[in-house]
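Trainee: In my numbering, the protein residues as written are 13 to 157.
Using N, Cα and C, we set each Cβ at its ideal position, and we do this for glycine too.
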Ligand SMILES: [Zn+2]
């Protein structure tokens with residue numbers, strides 16, 4: 013894994029809590045790169061960097077990701093659809109824009125942002141598969157996997 017040499021303390025804390033216990037190296041690399049992009053996008057790390065990442069077989073509405081903070085910002089969690097995480101890590105070059113969008117979107121929720129109807133906004137809940145218009149600019153250039 014190649015990690016940036018300079019880490020924010022908060023993001024380092026997030027990394028410690030980040031990878032689901034069963035995540036493989038490729039999944040951990042993708043999570044790290046997407047969290048770095050999300051931090052650059054929001055200029056913040058939610059929940060003081062204490063974010064538990066996990067997977068679930070199914071999420072409400074068939075979503076690929078879900079953010080929760082119950083009972084409060086000391087218990088932040090991002091849950092990814094397990095199947096999607098496997099698909100994304102199998103071919104990150106094909107799925108990176110959506111994966112990076114997804115993590116940035118969920119971190120946005122943890123920072124208090126709701127959904128946007130602007131199709132170029134990362135908080136638009138519908139990913140733009142055609143033009144990638146709501147893929148945050150911070151997701152580029154694509155990391156080397
Ligand atoms: Zn959302």
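#1: Check whether the Cβ of residue 155 sits closer than 6 Å to any heavy atom of ligand 1, and report yes or no.
#2: Using alpha carbons as the reference points, say which of 109, 156 and 154 lies closest to residue 134.
#3: If you draw a straight line from the C-alpha of residue 144 to the C-alpha of residue 56, how long is it?
#4: Helix, strand or coil: how does DSSP classify residue 75 here?
#5: Would residue 76 and residue 62 be called neighbours here (beta carbons separated by less than 7 Å)?
#6: Nearer than 6 Å: is that true of the beta carbon of residue 137 relative to any heavy atom of ligand 1?
#7: Helix, strand or coil: which one does DSSP assign to residue 52?
Mentor: On the basis of the coordinates in this document:
#1: No, since every heavy atom of ligand 1 falls outside the 6 Å radius drawn around the Cβ of residue 155.
#2: Checking every option, the nearest Cα to that of residue 134 belongs to 109.
#3: Cα to Cα, residue 144 sits roughly 23 Å from residue 56.
#4: Coil, per DSSP.
#5: Between residue 76 and residue 62, the gap from beta carbon to beta carbon reaches 7 Å or more.
#6: Yes, since a heavy atom of ligand 1 falls inside the 6 Å radius drawn around the Cβ of residue 137.
#7: If DSSP states are grouped into helix, strand and coil, residue 52 belongs with the helices.
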